[in-house]
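Here's the structure, in structure tokens; my notes come after.
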Amino acid sequence: MSHYEAPIREPLVLGDKSYHDITEDIAKPIEGKANKNWYMAFYISLAAMLWGFGCIFYTVGTGIGVWGLSKNIGWAWDITNFVWWVGIGHAGTLISAVLLLFRQKWRMAINRSAEAMTIFAVFQAGLFPIIHMGRPWNGYWVLPIPNQFGSLWVNFNSPLLWDVFAISTYLSVSLVFWWTGLLPDFAMIRDRAVKPFQKKIYALLSFGWSGRAKDWQRFEEVSLVLAGLATPLVLSVHTIVSMDFATSINPGWHSTIFPPYFVAGAIFSGFAMVQTLLGIMRKVTNMEEYITRLHVEYMNIVIILTGGIVAVAYATEFFIAWYTGSPYENYTYLSVGAATGPYAWAFYSLLFFNILTPQLLWFKKIRRSFIWSFIISIFINIGMWFERFDIIAIVLSKGHLPSTWWRFEPTFVDVGIFIGTIGFFFVLFLLYARTFPVIAQAEVKTILKSSGEFYKKRREQGIPTKPAITIVNDAVAKEGKSDKKDKE
Numbered sequence: 001m002s003h004y005e006a007p008i009r010e011p012l013v014l015g016d017k018s019y020h021d022i023t024e025d026i027a028k029p030i031e032g033k034a035n036k037n038w039y040m041a042f043y044i045s046l047a048a049m050l051w052g053f054g055c056i057f058y059t060v061g062t063g064i065g066v067w068g069l070s071k072n073i074g075w076a077w078d079i080t081n082f083v084w085w086v087g088i089g090h091a092g093t094l095i096s097a098v099l100l101l102f103r104q105k106w107r108m109a110i111n112r113s114a115e116a117m118t119i120f121a122v123f124q125a126g127l128f129p130i131i132h133m134g135r136p137w138n139g140y141w142v143l144p145i146p147n148q149f150g151s152l153w154v155n156f157n158s159p160l161l162w163d164v165f166a167i168s169t170y171l172s173v174s175l176v177f178w179w180t181g182l183l184p185d186f187a188m189i190r191d192r193a194v195k196p197f198q199k200k201i202y203a204l205l206s207f208g209w210s211g212r213a214k215d216w217q218r219f220e221e222v223s224l225v226l227a228g229l230a231t232p233l234v235l236s237v238h239t240i241v242s243m244d245f246a247t248s249i250n251p252g253w254h255s256t257i258f259p260p261y262f263v264a265g266a267i268f269s270g271f272a273m274v275q276t277l278l279g280i281m282r283k284v285t286n287m288e289e290y291i292t293r294l295h296v297e298y299m300n301i302v303i304i305l306t307g308g309i310v311a312v313a314y315a316t317e318f319f320i321a322w323y324t325g326s327p328y329e330n331y332t333y334l335s336v337g338a339a340t341g342p343y344a345w346a347f348y349s350l351l352f353f354n355i356l357t358p359q360l361l362w363f364k365k366i367r368r369s370f371i372w373s374f375i376i377s378i379f380i381n382i383g384m385w386f387e388r389f390d391i392i393a394i395v396l397s398k399g400h401l402p403s404t405w406w407r408f409e410p411t412f413v414d415v416g417i418f419i420g421t422i423g424f425f426f427v428l429f430l431l432y433a434r435t436f437p438v439i440a441q442a443e444v445k446t447i448l449k450s451s452g453e454f455y456k457k458r459r460e461q462g463i464p465t466k467p468a469i470t471i472v473n474d475a476v477a478k479e480g481k482s483d484k485k486d487k488e
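Put into structure tokens, the structure is as follows:
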């Protein structure tokens, strides 16, 4: 009978893990010492971050003339990076919120890393508009608050202000969503802590979590409400970022496809970055048994889907440019932007990394390979950066008037600041991996028993599988018999 049963799904947690094992494994990176991989990654990231900070101080001290800007290319490298980082921040909330609403079990091991990625990516994105002001100490002027000039208020027609509202809303909701999910794990570390200082810190962070049924009920309710709020936010935030361009009259930007195109691109690049981080996370925190091939495969399936949407958006964009019959649109898209222009190298890089590379994921061996997934995810992130660079540099370099034409070339300060933000992002992520539980232990425990590992082993050994209740009854009966023998 047992040989004709339906095959059990591949387990999401490998190894014979008990509830206690999961607690030990997740608490280990926080309570124990970091491994060599963590230190190596941390020092490389720290070096990049310090170089970037040096470039930022040089910019503030000298002025933004040290960037490769001109009179018509006022935003180039920095807005490219700004849009890239906001895009990366999208997948975190999307993975967590949408998969929670759809009750997908495979989100359990990766949602915490994805949510943390959102927070840290939005930090990096927020840096660029502040630095670009040239006077970062006056950054609070973009907030709609009365300032020292009396009744001078911000201009609500300004796209810069839309970004301020979009990012601050997104950051606050994502932060609350992330922190709410962490409460049970903070309480677990608090209860295990030996050092009094560590105990106090985690007691503060856990907000008095006691693990009562009432706590869990509220936790479930709040998580669902926040997931419901965060899902439309993913769409609205990047739509607003796309409006920075689409509401202008520049040929190449004045396009109604921008909002859905930007949102699809953001989810595409965000999932790729989560894939990159999971590859690093497995090694630096020894979580190989929790972040499995199945997680990587599911992530890659979403990357194939969103990559297809992005490819269709590219084709639509070119078709619309041709269909308008406008020589300016045609020139921007088909001459300057495509094969014949000075930015042809960026255009071909975009096509190669964003359209051709993800097609490799149709092959099961590549889709389930950790190394290939890691490499492809990095390629996609490079390609999405080129997409943003193409949109901004190509459109701004050739306007309506030939007298304003200018070819943008970044300086070492531009490049340094960008590399610095990547370093800063990974420094934050690696410190987080050592101080916060990187996997939601309570949620992973809920999927442990449903992974079918017990039945799978019995089947491999050729033992007929019985329903769990029969096995328990047999064990009780056996115990009863042995008790009877002891009495005799």
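Going left to right, the sequence shown walks through residues 1 to 488 as my numbering numbers them.
Ideal Cβ positions, reconstructed from N, Cα and C, are used throughout, including at glycine.
Closest by C-alpha distance to residue i, when choosing among the options
i, options, result
"Gly89", "Gly63, Ile145, Leu171, Ile130", "Leu171"
"Gly87", "Glu409, Trp106, Gly383, Ala213", "Gly383"
"Asp78", "Ala346, Phe426, Trp385", "Trp385"
"Trp405", "Met117, Ala109, Lys71, Trp141", "Lys71"
"Glu221", "Pro327, Leu360, Gly181", "Gly181"
"Ile380", "Pro358, Phe42, Asp390", "Pro358"
"Glu443", "Asp185, Thr324, Leu175", "Asp185"
"Ser168", "Phe123, Phe352, Val154", "Phe123"
"Ser248", "Asn157, Met287, Glu297, Leu233", "Asn157"
"Leu226", "Phe425, Tyr348, Tyr202, Leu99", "Leu99"
"Ile44", "Gln441, Ile419, Ile439, Thr435", "Ile419"
"Leu224", "Gly126, Arg103, Phe197", "Arg103"
"Glu288", "Leu69, Ala41, Ile439, Gly68", "Ile439"
"Thr446", "Trp106, Gly74, Ala76", "Trp106"
"Tyr261", "His254, Ser242, Gly252, Gly228", "Ser242"
"Arg135", "Gly208, Ile56, Ala213", "Ile56"
"Tyr331", "Ile366, Pro251, Ile371, Ser255", "Pro251"
"Pro232", "Leu101, Arg293, Gly308", "Leu101"
"Glu31", "Lys199, Leu183, Phe425", "Lys199"
"Gly416", "Thr23, Leu161, Thr59, Phe42", "Thr59"
"Arg192", "Thr23, Ala47, Ile309", "Thr23"
"Gly61", "Trp137, Arg112, Pro402", "Trp137"
"Val321", "Leu430, Ile309, Lys36, Thr256", "It should be noted that the sequence gives Ala, not Val, for residue 321. For the residues Leu430, Ile309, Lys36, Thr256, the minimum Cα distance to Ala321 belongs to Thr256."
"Trp179", "Pro196, Tyr328, Leu204", "Leu204"
"Phe426", "Gly52, Gly228, Phe197, Lys33", "Gly52"
Sequence-distant residues of its chain with Cβ nearer than 7 Å to residue i (five each side left out)
i, result
"Phe363", "none"
"Thr306", "Ala264, Ile267, Phe268, Phe271"
"Ile110", "Ile95, Val274, Leu278, Ile291, His295"
Chain-order list of residues whose beta-carbon lies under 6 Å from that of residue i (same chain, five-residue window excluded)
i, result
"Ala230", "Thr93, Ala97, Val173, Phe177"
"Asp25", "none"
"Ala166", "Val237, Ile240"
"Pro159", "Asp244"
"Ala116", "Tyr432"
"His400", "none"
"Tyr343", "Ile394"
"Val336", "In this prediction, Val336 scores a pLDDT of 45, lower than 50, which makes its location untrustworthy; the coordinate-derived value is nonetheless stated afterwards. Ile394, Lys398, listed in sequence order."
"Arg367", "Glu297, Asn300, Leu361"
Local Cβ density within 10 Å of residue i, reported as buried at 16 or more and exposed below that
i, result
"Pro506", "Absent from the model: residue 506. The displayed extent of the chain is 1 to 488, so no value can be given."
"Ala315", "exposed"
"Glu317", "buried"
"His132", "buried"
"Gln441", "buried"
"Met40", "exposed"
"Lys398", "buried"
"Ile301", "exposed"
"Gln217", "exposed"
"Leu356", "exposed"
"Tyr202", "buried"
"Asn81", "buried"
"Ser210", "exposed"
"Val234", "buried"
Cβ distance (whole Å) where residue i is taken to contact residue j below 8 Å
i, j, result
"Leu396", "Phe120", "Wrong, their Cβ atoms sit about 29 Å apart, outside the cutoff."
"Met49", "Gly423", "4 Å"
"Leu350", "Asp414", "Their Cβ separation, rounded to whole angstroms, is 19 Å, which puts Leu350 and Asp414 out of contact at 8 Å."
"Thr411", "Val66", "6 Å"
"Trp85", "Thr421", "7 Å"
"Arg388", "Val83", "5 Å"
"Gly139", "Ile130", "5 Å"
"Thr276", "Ser377", "5 Å"
Contacting residues, own chain, Cβ-Cβ under 8 Å from residue i (five flanking each side not counted)
i, result
"Ala433", "Pro29, Trp38, Met281, Val284, Thr285"
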